[in-house]
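What follows is a short report on a single structure.
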Amino acid sequence: MSWNLYIGIGLAPFAPDLNVVRNTDVTLRQIWLRKSNRKLQLIYAGETLTDCIDEKLARWDDNECLPSSRGVYRYHDDDDEVSIEAFQLDGKDISRIPRDLSWLLSTLELRHQCDRMRMRVRGQALAQHRHRKYARLTNATASNEKQSRSRNRIRRELFMIPGTQWCGRGDRATKYTNLGGFGMADACCRKHDTTCPFYIPAFESRYGIFNWRISSMMHCTCDERFRTCLKMAGTASADFIGKIFFDVLQSKCFVLKPQKVCIKRSWWGKCQRHEYRKQAYVRDSVPY
24 MSWNLYIGIG LAPFAPDLNV VRNTDVTLRQ IWLRKSNRKL QLIYAGETLT
74 DCIDEKLARW DDNECLPSSR GVYRYHDDDD EVSIEAFQLD GKDISRIPRD
124 LSWLLSTLEL RHQCDRMRMR VRGQALAQHR HRKYARLTNA TASNEKQSRS
174 RNRIRRELFM IPGTQWCGRG DRATKYTNLG GFGMADACCR KHDTTCPFYI
224 PAFESRYGIF NWRISSMMHC TCDERFRTCL KMAGTASADF IGKIFFDVLQ
274 SKCFVLKPQK VCIKRSWWGK CQRHEYRKQA YVRDSVPY
């Protein structure tokens, strides 16, 4: 199996850019908006925006930009062929922007697209949560549940990394032994998704916090095992998935600590009984 990885980094006055395109028709873009001190990260499947993050620009993000104006680099990893192309714009002359990077001229529209996509996905997730709750209360028939699973599977397809069955939000495998073309990396994703005992689903509360993200938040130990598995796989596809999960999406994790809480109070407000419960504390992921 062979696949191409294209990375372009642009240094416009206010909008440096990172663009990754593979022959599986997946595009990753990062745009540094220095004027507003924001970083915009977008993932496309074909022409469809499937995920994005709009966050404050960290002070070390500028170190990711490359110094060359434009160059192409290639290397091989077993059966995987990877090509990297870097682009830098060091002035205000927008005519120097290549035609394939013309989307740099519409960063405001990209932010609007990100906002609309996040609102749409959040609405879909909340609607699915309400539908599941209603289905449990009304004891929906097996045929309706089958149709619902089919619709949910179609939605999950938009959030999966091509070449995998388990890497993304949810999975599209029909059974546990199903793996995609990137078998070793896909096995790491499968283990990460199915063996972690502590996690917080999207838009749900557990361990004292609410997960506002559109994907599950895992315990930091599970994420560290996932990182180790990808490193030990040692393939370009595993490194690609690791960089998406830890560096591009910058997924959060949490640790659990015992916290003393009051479970019974007197009528004047004094606590009469305490117990220790697990409390989650969110942590930033370690770069890949």
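Numbering (our numbering), first residue to last: 24 to 311.
The beta-carbon is built from N, C-alpha and C at its ideal position, and this holds for glycine as well.
DSSP places K214 inside the alpha helix (DSSP H), whose first and last residues are 206 to 218. In this structure, the alpha-carbon of A150 lies about 36 Å from that of R57. In this structure, DSSP gives E298 an extended state, which the three-state scheme calls strand.
With a cutoff of 9 Å on beta-carbon distance, C243 and F277 are scored as near each other. Annotation: D262 is outside any beta strand (DSSP E); the continuous alpha helix (DSSP H) that includes it extends over 259 to 265.
Exclusion of the five residues before and after L72 leaves L65, I66, Q136, C137, M140 as the residues of its chain whose Cβ lies within less than 8 Å of its Cβ. In the three-state DSSP reduction, F226 falls in the coil class, being neither helix nor strand. Taking C-beta atoms under 8 Å as the contact rule, L133 and I54 qualify, at a distance of about 7 Å. Bounds of the alpha helix (DSSP H) holding D246 are 243 to 256. Note that the C-beta distance between D74 and L272 is below 9 Å. At least 9 Å separates the beta-carbon of A261 from that of A148. Counting along the chain, no beta strand (DSSP E) covers A196, and no H or E run does either.
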